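Sequential numbering of the sequence shown, starting at 1, is according to UniProt numbering.
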Amino acid sequence: MSDLDEVVRRLDAIESIESIKQLKARYFRFVDEKKHDELAALFTPDARIVTDGITWGSPAEFADTIRDLIGAAPTVHHGHMPEIEITGQDAASGIWAMEDLLTFPAGENAPEGHDGYGQYRETYLRVGGRWLIDSLLLTRFRMDPLENWNPDA
1 MSDLDEVVRR LDAIESIESI KQLKARYFRF VDEKKHDELA ALFTPDARIV
51 TDGITWGSPA EFADTIRDLI GAAPTVHHGH MPEIEITGQD AASGIWAMED
101 LLTFPAGENA PEGHDGYGQY RETYLRVGGR WLIDSLLLTR FRMDPLENWN
151 PDA
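In structure tokens form, the structure reads like this:
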């Protein structure tokens, strides 16, 4: 491999890692902004998605469940300290530390809110020049309860 080829390879890796970081940032933002169709579009059509031991049938099913579960409740999702490795010309893997805060309107049978901590382990594929999530495994290490709120107070 020539010096120029090596520079091009390294530049592509840097650009790919930055694109994957932006992809994951959109994932968190779309969850919090309730943009469920856009969230589903961040995945390959046959992505494997597992959260807290639940395997989802498709990206659309995953996004629809998030919509149904958290509705209009305010949420805050953060990803930190990405470890991204380019594993092939159009393939990569990543590990992200995460924190999420969910609170729900108070009421009978309201789910309990939480401040959760854990880790995402993901793989990515570049499809048509665009990086997408091909697999996602979310494992929570800790969940601290949060009180629900009264939107009328």
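All residues carry an ideal CB built from backbone N, CA and C; glycine is no exception. Nothing here was measured: the structure is a model prediction, and the numbers come from that model.
Counted within 10 angstroms of its Cβ, other Cβ atoms place residue i as buried (16 or more) or exposed
i, result
"serine 16", "buried"
"valine 31", "buried"
"methionine 98", "buried"
"phenylalanine 141", "exposed"
"isoleucine 14", "exposed"
"leucine 11", "exposed"
Residue of the options minimising C-alpha distance to residue i
i, options, result
"tryptophan 131", "Ile20, Ile14 and Val8", "Ile20"
"leucine 101", "Thr75, His80, Val8 and Gly107", "Thr75"
"glutamine 89", "Ile49, Lys35, Leu4 and Val8", "Val8"
"glutamate 38", "Ala72, Leu11 and Ala63", "Ala63"
"serine 93", "Glu18, Ser2 and Asp5", "Glu18"
"histidine 77", "Gln119, Glu85 and Asp68", "Gln119"
"histidine 80", "Ala91, Gly107 and Ile95", "Ile95"
"isoleucine 66", "Asp5, Asp46, Gly128 and Ala40", "Ala40"
"alanine 106", "Ala73, Asp46 and Ala60", "Ala73"
"alanine 110", "Trp56, Gly71 and Pro82", "Gly71"
Beta-bridge pairing of residue i - partner residues as DSSP gives them
i, result
"histidine 77", "Asp100"
"methionine 143", "Gly116"
"arginine 26", "BP columns for arginine 26 are empty, so no partner."
Cβ neighbours of residue i in the same chain (closer than 6 Å, five flanking residues each side left out)
i, result
"leucine 137", "Val50 and Arg121"
"glycine 113", "Leu102, Thr103, Phe104, Leu146 and Asn148"
Own chain residues within Cβ distance below 8 Å of residue i, not counting five before or after
i, result
"phenylalanine 28", "His77, His78 and Gly79"
"alanine 60", "Ala40"
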